[in-house]
Amino acid sequence: MSPRNPHSDTLTVADGDGRSALRMERRLAQPPARVWAALTRPEQLAHWFPAEVRVELVPGGAIAFAFPGGSGTAGVVTDVEEPRLFAFTWGADHLRWEIAPDAETGGSLLTLVHTFGDRFGAPSFSAGWHLSITALGAQLDGEEPGEVLSKVDKRDLHEAYLEQFDLGGGEITGDGGVRFERQLVRGAVEVWAELTGGAGVVVGEVVPDGFAAEGVPAGVVTEVREAALCVYACPAGGSVRWEFRDGTGYGARLVLTHAGAADAGVALAAWHARLELLAGRLLEG
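When you line the sequence shown up against our numbering, it's residues 4 to 288, in that order.
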């Protein structure tokens, strides 16, 4: 567990469907009735949750989330057992909030289980829920949530969860290739600028060194779309593809593949080191 995240949050495979289940537990100083109200009443949610919420608080009732800027999503309430259980779908995801009396503090033990399909989005989801529950606790304690959250480095928190859940190691695929999928903390344009160092990426020319790794030298570009895609032929064998997709949370989703590497194990280690270096650079500034 990363020292930057002192909580024992877990990420496991949900039974039956292969999706991921994020589990978080937090102790709150207030009794279950107060926590229940903060979780289920829109006028209280408005103080700590980052979306406007409308909910019919009955099983089968509608729930809708409207975020600043016009985006939103909707779901269906699946469980309501005041004051201990509130659960609902969030698009294709499922969220289950449980509240229990906490004999240790005289307050409440709040447990969230978020079940979802996008495993590589887990650091973003975890950081987001950590911040939201922190804001909830601040609101219940009579503090200003914004002031409390201003002290948290959100990008650092994201990377702490990525490390804690071991989502940065990549894999050797069934065909002997190497694949990494990683949620980044910066947008594609910023990452592209970091990789190119201001140089152009041109088909038929050698790719900027930022796209290479130690032991995986730069080669000739075969395909490029600025801030979206770079493919080049690797002189040491095979081809390397950097692709930037829409991400979750703070930035772009990177999918890096190295097909036809002479030694997949060596390539895996080299690209892991390169992406860790890139992630560290993206935390700066």
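By construction, the Cβ of each residue, glycine as well, lies at the ideal position given by its N, Cα and C atoms.
As the structure is a computational prediction, the values presented were derived from the model and not from experiment.
With distances taken Cα to Cα, identify the nearest neighbour of residue i among the options.
i	options	result
residue 227	217, 208, 241 and 216	208
residue 139	231, 242, 120 and 52	52
residue 22	56, 96 and 275	96
residue 268	94, 181 and 141	181
residue 108	168, 34, 121 and 83	34
residue 285	193, 274 and 65	193
residue 183	25, 204 and 246	246
residue 81	74, 89 and 75	89
residue 61	44, 258 and 277	44
residue 287	67, 169 and 162	162
residue 15	100, 77, 123 and 173	123
residue 99	79, 154, 257 and 168	79
residue 57	63, 68, 47 and 50	68
residue 20	185, 121, 201 and 257	121
residue 170	279, 27 and 26	279
residue 71	234, 174, 199 and 54	54
residue 185	135, 113 and 164	164
residue 204	277, 234 and 176	234
residue 24	177, 133, 125 and 202	125
Would you identify the three-state DSSP class for residue i, choosing helix, strand or coil?
i	result
residue 287	coil
residue 203	coil
residue 232	strand
residue 83	strand
residue 146	coil
residue 212	helix
residue 123	helix
residue 94	coil
residue 114	strand
residue 254	coil
residue 268	helix
residue 131	helix
residue 138	helix
residue 4	Here the model assigns residue 4 a pLDDT of 33, short of 50, so the residue's position is not dependable and the matter cannot be decided.
residue 107	coil
residue 239	coil
residue 246	strand
residue 221	coil
Within its chain, find whatever has a CB closer than 7 Å to the CB of residue i; leave out the 5 residues flanking it on each side and keep chain order.
i	result
residue 85	39
residue 215	221
residue 262	180, 241 and 242
residue 110	30, 31, 32, 33 and 34
residue 148	50, 51, 138, 141 and 142
residue 236	222, 223, 225 and 242
residue 173	181, 182, 183, 271, 274 and 275
Ordered along the chain, which non-local residues of its own chain (more than five positions away) have a Cβ less than 6 Å from that of residue i?
i	result
residue 212	221
residue 65	59
residue 273	216, 217, 218 and 219
residue 26	13 and 116
I'd like the list of long-range same chain contacts for residue i, defined as Cβ closer than 8 Å, with 5 residues on each side in sequence excluded.
i	result
residue 190	254 and 255
residue 143	31, 32, 33, 37, 38 and 41
residue 232	226, 244, 245, 246 and 247
residue 283	none
Return yes when the C-beta of residue i is under 6 Å from any heavy atom of the ligand SAM, and no when it is not.
i	result
residue 24	Among the ligands in the structure shown, none appear at all, so the ligand SAM cannot be discussed.
Roughly how far, in whole angstroms, is the beta-carbon of residue i from the beta-carbon of residue j, given that I think they are within contact range, below 8 Å?
i	j	result
residue 251	residue 127	4 Å
residue 187	residue 115	Residue 187 to residue 115, Cβ: 25 Å. No contact.
residue 17	residue 92	At roughly 14 Å, the Cβ-Cβ gap does not stay under 8 Å, so residue 17 and residue 92 are not in contact.
Q.
For a minimum of 3 consecutive residues, which ranges assigned as the beta strand (DSSP E) are wholly contained in the segment 11-64?
A. 13-16, 23-31 and 55-58
Q) At what residue ranges does the segment 154-191 contain a whole run of the beta strand (DSSP E), taking only runs of 3 or more? A) 181-186
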